[in-house]
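Just add 493 to the spot in the sequence shown (first one is 1) and you have our numbering.
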Amino acid sequence: MSVSAIDTRRQQRRTDDGRCLTELFLKGRGRDTMTADDVAMLEDSIEEVRAIPARTIVIRRDERVRYSSLLLEGVMCRYMDDRQGNRQIVAFHVPGDFVDLHGFAMRHLDHDVATLTPVRVALAGHDRLERIVADYPRLTRLLWFSTLLDAAMHREWVFRLGRLEADGRVAHLFCELHARLAMVDLVRDGVFRFPVTQIDLAEAAGITPVHLNRVLRSLRERGLMTFRSGEAHILDLDMLAALADFDPGYLYGGGPTLEKQGA
494 MSVSAIDTRR QQRRTDDGRC LTELFLKGRG RDTMTADDVA MLEDSIEEVR AIPARTIVIR
554 RDERVRYSSL LLEGVMCRYM DDRQGNRQIV AFHVPGDFVD LHGFAMRHLD HDVATLTPVR
614 VALAGHDRLE RIVADYPRLT RLLWFSTLLD AAMHREWVFR LGRLEADGRV AHLFCELHAR
674 LAMVDLVRDG VFRFPVTQID LAEAAGITPV HLNRVLRSLR ERGLMTFRSG EAHILDLDML
734 AALADFDPGY LYGGGPTLEK QGA
């Protein structure tokens, strides 16, 4: 590869504000345990940065996947449709998430992945991830940890949908988003952008859009939070968490202590 080509590739591996592409990966969850070699190898796994419009299906259920997507900007989701075409969102993804890393091991997904807003994603080729698995055990454990975080969040979503009433479900969802976005420095004084529709939120909470609107109005009137024009303002996080029975432990803030594992 020529010097100019290398320089171009390095330039492409930067976000618009000059950060490394993978800088938000596991931020607040063990990112600080990554060595310089880990970071360099993860950066080298990125083959392409792609801008994708809102409301685009990125991966369809059962199709072969050959790369995994690290979300740089915007909001994505995983979802499943029933036979009548009704959608259930089973995960929201925010910047720093490896949206479909589990596809590296599984080769195809049992659900669809789509954008909810315009996004930028960094694509890591599975052939390059194979090299990480072969030669970088510490980084491999961190990637594995990332997929285990997804599993922990899925269990919490099952709990939320199965055991909480509608107001608790919505409160829990916003407590989780607040915690996850705070880890990547996207919350300021309890305010964060999450530019999705009330229909999207309803499909994640398992309620109708009309019911979702009533719940948001109730939370606003109780002085707990507001959500307007894609912006959430958490007014009383403690009370919102109490309503949601929310404990952020399943998000594993601080991340793995690899030093204790002899890494």
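Glycine is no exception: its CB is placed at the ideal position from the N, C-alpha and C atoms.
(Q) Assuming residue 616 and residue 540 are in contact, meaning their beta carbons sit under 8 Å apart, how far apart are those beta carbons, in whole angstroms? (A) Position 123 of the sequence shown, counted from the start, is the residue given in the question as residue 616. Position 47 of the sequence shown, counted from the start, is the residue given in the question as residue 540. With a Cβ gap of about 5 Å, residue 616 and residue 540 count as contacting.
Q.
By the three-class DSSP mapping on this structure, what secondary structure does residue 683 have?
A. The sequence position of residue 683 within the sequence shown is 190, counting from 1. Coil at residue 683, not helix or strand.
**Q.** Integer Cβ distance of residue 693 from residue 582, believed to fall under 8 Å
**A.** Reading the sequence shown from its first residue, position 200 is the one you call residue 693. Reading the sequence shown from its first residue, position 89 is the one you call residue 582. About 7 Å separates the two Cβ atoms, so the contact holds.
Q: Report the residue from 689, 638, 639 and 537 whose alpha carbon sits nearest the alpha carbon of residue 725.
A: By one-based count along the sequence shown, residue 725 stands at place 232. Comparing Cα positions, the closest option is 689.
Q. Are the beta-carbon atoms belonging to residue 564 and residue 595 less than 8 Å from one another?
A. To locate residue 564, count along the sequence shown from 1; it is residue 71. To locate residue 595, count along the sequence shown from 1; it is residue 102. No, the pair does not count as a contact, with Cβ atoms beyond the cut-off.
Q) Unbroken alpha helix (DSSP H) runs of length 4 or more, entirely within the segment 640 to 716: which are they? A) 659 to 676, 691 to 698 and 702 to 714
Q | The beta strand (DSSP E) enclosing residue 613, as first and last residue numbers | A | Indexing the sequence shown from 1 puts residue 613 at position 120. Counting along the chain, the beta strand (DSSP E) containing residue 613 begins and ends at 612 to 618.
Q) Does the segment 571 to 580 come close enough to the segment 525 to 539 to have 3 or more Cβ pairs within less than 8 Å? A) no
Q | Closest residue to residue 734 among 686, 672 and 633 (Cα-Cα distance) | A | Walking along the sequence shown from the start, residue 734 turns up at place 241. Selected option, being the one with the closest Cα: 672.
Q) Out of curiosity, what's the CA-to-CA distance linking residue 613 and residue 715? A) As a working note, residue 613 is residue 120 in the sequence shown. As a working note, residue 715 is residue 222 in the sequence shown. So the two alpha carbons sit approximately 36 Å from each other.
Q: State buried or exposed for residue 639, treating a residue as buried only when at least 16 other CB atoms are found within 10 Å of its CB.
A: Counting from one through the sequence shown, the residue named residue 639 turns up at place 146. Its Cβ being crowded by 16 or more others within 10 Å, residue 639 is buried.
Q. Starting from residue 547 and walking both ways along the alpha helix (DSSP H), at which residues does that stretch end?
A. Taking the sequence shown and counting its residues from 1, the one referred to as residue 547 is at position 54. No alpha helix (DSSP H) holds residue 547; DSSP gives it neither H nor E.
Q. Beta-carbon of residue 628 versus every beta-carbon of chain C: anything under 8 Å?
A. The question asks about chain C, but that chain is absent: this structure has only one protein chain.
**Q.** residue 718, buried or exposed, once every other Cβ within 10 Å from all chains shown has been counted against 16
**A.** Here residue 718 refers to the residue found at position 225 of the sequence shown. Under this definition residue 718 is a buried residue.
Q. Hey, quick one: how far does the beta strand (DSSP E) through residue 573 stretch, first residue to last?
A. Along the sequence shown, read from residue 1 onward, the residue named residue 573 stands at position 80. 569 to 574 is the span of the beta strand (DSSP E), which, as asked, contains residue 573.
Q.
Buried or exposed, going by whether 16 or more other CB atoms sit within 10 Å of the CB of residue 588?
A. By 1-based counting over the sequence shown, the position of residue 588 is 95. Residue 588 should be labelled buried.
Q) Quick one: is residue 559 buried, meaning 16 or more other Cβ sit within 10 Å of its Cβ, or exposed? A) On the sequence shown, position 66 is the one that residue 559 refers to. Looking at its Cβ environment, which holds fewer than 16 other Cβ atoms inside 10 Å, residue 559 is exposed.
Q | Helix, strand or coil at residue 515 according to DSSP, with G and I counted as helix | A | As a first step, residue 515 is located in the sequence shown; it is residue number 22 there, counting from the start. Three-state result, residue 515: coil.
Q. Taking C-alpha atoms, which residue in 687, 647 and 710 lies nearest to residue 584?
A. Residue mapping note: residue 584 aligns to position 91 of the sequence shown, counting from 1. When each option's Cα is compared against that of residue 584, the closest is 647.
Q | Rounded separation between residue 695 and residue 704 - CA only | A | Within the sequence shown, residue 695 is the residue found at index 202, counting from 1. Within the sequence shown, residue 704 is the residue found at index 211, counting from 1. Spanning the two alpha carbons is a distance of roughly 8 Å.
(Q) Is it buried or exposed, residue 651, if we count other Cβ atoms within 10 angstroms and call 16 or more buried? (A) Working through the sequence shown from its first residue, we reach residue 651 at position 158. Under this definition residue 651 is an exposed residue.
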